[in-house]
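One gets the numbering used here by counting positions in the sequence shown from 1 and adding 2 to each.
Have a look at the structure below before the remarks.
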Amino acid sequence: MSMQDKAIALCQAMVQCRSYSGQEEGVARILKQFFEQSGYDQAYLDEFGNAIGVINGSHPGPTLVFDGHMDTVPVPDPALWTQEPFGARIAGDRLYGRGTSDMKGGLAAAAAGAAAFAQATRRRFSGRIVVAGTVYEELCEGLASSYIWQAFRPDYVIIAEASELNLKIGQRGRAEIVLETTGTTAHSAHPEQGNNAVYSMCKAIQALTSLPLTRHPLLKESLLVLTDIKSEPYPGSSCVPAGCRATFDRRTLTGETRESILAPLQACLDELAARDPQVKATVSYARGHGCSYTGMTYEVEKYFPAWLFSPEDAFVSRSLAALDEAGLHADISAYEFCTNGSYYAGFKGVPTLGYGPSQEKLAHTVDEYIELSQLRQAVQGNQAILKALLS
Ligand SMILES: [Zn+2]
């Protein structure tokens with residue numbers, strides 16, 4: 003079986019194994035078995051549950067990590083699908099199922115591409131290749147990647163998320179911002195005795211969403227989008243609510259920092275409070291917590307920075323040239339969604355590229371699919387990038 007066919011078979015096996023965030027063990031074992039059967043030097047699952055395969059070159063040199071997450075978003079309503087979400091059925095050039103585009107196809111193409119590169123070169127290359135199937139990306143991008151960075155200190159990272167075989171050199175960051183207002187409860191028959199926290203929330207939302215946002219030519223707009231809201235007590239039968247909490251999704255640009263994102267929001271709320279003393283409002287970063295399938299608990303601040311490299315950076319232009327040489331012309335752009343690149347590039351400054359099969363817009367959709375031709379070409383493209391960066 004060719005390595006391209008093996009990538010398709012691996013993708014199918016992984017799609018048939020449901021792997022919502024925190025439930026990736028089955029897919030991790032499938033991937034580990036693929037590493038073992040495809041000539042990898044090391045294949046293991048780390049303490050957080052990431053599946054790791056390592057191929058060593060004959061000469062010392064840089065470490066290149068392929069990062070692909072193993073978890074998928076759920077299928078809330080299978081009845082909406084015309085295809086079985088975990089059937090991995092092939093029809094024509096399409097392989098259907100949850101996670102085909104996001105991103106078991108990309109992960110399979112990375113695992114098979116690395117194996118094919120090692121075979122074709124008989125390992126005569128410099129450095130080492132690490133393929134990391136990571137957990138929990140859909141809930142907390144970058145978290146699992148911190149374990150990969152810690153273990154391997156990569157010189158290059160390829161994020162294997164769908165790029166339609168183009169080269170992605172950056173992405174917006176993401177922050178989850180919590181807005182809280184406080185008031186005083188009272189019987190709703192005597193509202194004048196209380197201070198309604200929801201009324202304050204309405205004013206605070208109005209003020210924050212009126213603030214100007216910035217734009218970047220490649221990364222596009224920064225955003226501030228309300229995603230949920232809840233009053234306290236809830237339900238509030240005959241009670242003036244004393245508390246209210248809303249969450250905003252803030253998409254961030256390069257140059258923005260943890261501090262510079264929050265400061266203007268709080269300043270805006272302080273100004274509002276100065277005009278309207280009823281309003282007591284604060285902003286802070288949301289915290290995420292959970293437990294990996296290996297039983298490790300985590301708690302993180304939901305701040306994931308933006309990152310961007312230049313087309314002139316040598317690792318970018320070399321990769322682009324190698325893809326061209328392989329007959330796989332790629333354009334340069336930035337991801338519209340968030341990826342584990344936030345950790346490697348955003349926090350650690352590691353030279354990072356996005357390269358993977360399929361279209362970005364197919365992620366999280368009903369009847370999600372991947373085109374087999376894209377998957378096959380990604381196996382080739384990954385070999386071209388390895389040749390560019392590890393020769
Ligand atoms: Zn993804």
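Beta carbons are placed, not taken as given, at the ideal position from N, Cα and C, and that holds for glycine.
Predicted model only: the values in this text are computed from it and were never measured.
Ligand 1 and A1: does any heavy atom of the ligand fall closer than 7 Å to the residue's C-beta? With the chain covering only 3 through 393, there is no way to say anything about residue 1.
Under 7 Å from any heavy atom of ligand 1, does the C-beta of M105 make it? Result yes, Cβ under 7 Å from ligand 1.
What whole-angstrom Cβ distance do L267 and L228 have, given they're in contact under 8 Å? Contact between L267 and L228 is ruled out by a C-beta separation of about 13 Å, above the 8 Å threshold.
Under 7 Å: does the beta carbon of E163 sit that close to some heavy atom of ligand 1? Yes; taking the cut-off as 7 Å, the Cβ of E163 has a heavy atom of ligand 1 nearer than that.
If contacts are defined as beta-carbon pairs under 8 Å, then S344 and F306 qualify, I think. What distance do you get, rounded to the angstrom? About 4 Å separates the CB atoms of S344 and F306; that is less than 8 Å, so the two are in contact.
Rounding to the nearest angstrom, what Cα-Cα distance links G51 and D251 in this structure? Using only the alpha carbons, I get a separation of about 28 Å.
If you follow the beta strand (DSSP E) that N384 is in, where does it begin and where does it stop? First-last for N384: 374-392, but that is the alpha helix (DSSP H), not the beta strand (DSSP E).
When R260, K389, L66 are compared against R130, the one with the closest alpha-carbon: Nearest in C-alpha terms to R130, of all of R260, K389, L66, is L66.
What is the DSSP secondary structure of E140, counted as helix, strand or coil? It is coil, neither helix nor strand.
Please confirm whether any heavy atom of ligand 1 lies closer than 7 Å to the CB of E166. Judged by the Cβ position, E166 fails to qualify as a neighbour of ligand 1 at the 7 Å threshold, every heavy atom of the ligand being at least this far.
Could you round the C-beta distance between Y346 and S165 to whole angstroms and report it? I think they count as a contact, below 8 Å. The pair is not a contact, with the Cβ atoms about 16 Å apart (cut-off 8 Å).
Pair within 8 Å by beta-carbon distance, A275 and A114: Not closer than 8 Å, so no.
Can A146 be considered in contact with ligand 1, in the sense that its beta carbon sits closer than 7 Å to one or more heavy atoms? A146: no, Cβ never under 7 Å from ligand 1.
Just the C-alpha distance for S262 and P156, rounded to the nearest angstrom, thanks. Distance from the CA atom of S262 to the CA atom of P156, rounded to whole angstroms, is 29 Å.
So, for A45: in the same chain, excluding its five sequence neighbours on each side, which residues have a beta-carbon less than 6 Å away from its beta-carbon? So the qualifying residues of the chain are K34, F37, E38, G55.
Are there three or more Cβ pairs, one per stretch, closer than 8 Å when the region 320-330 is compared with the region 116-135? Counting Cβ pairs under 8 Å, fewer than three are found: no touch.
Boundaries of the beta strand (DSSP E) in which D230 is found, first to last residue: For D230, the enclosing beta strand (DSSP E) begins and ends at 225-234.
List the DSSP bridge partners of F250. BP columns for F250 point to I179, L228.
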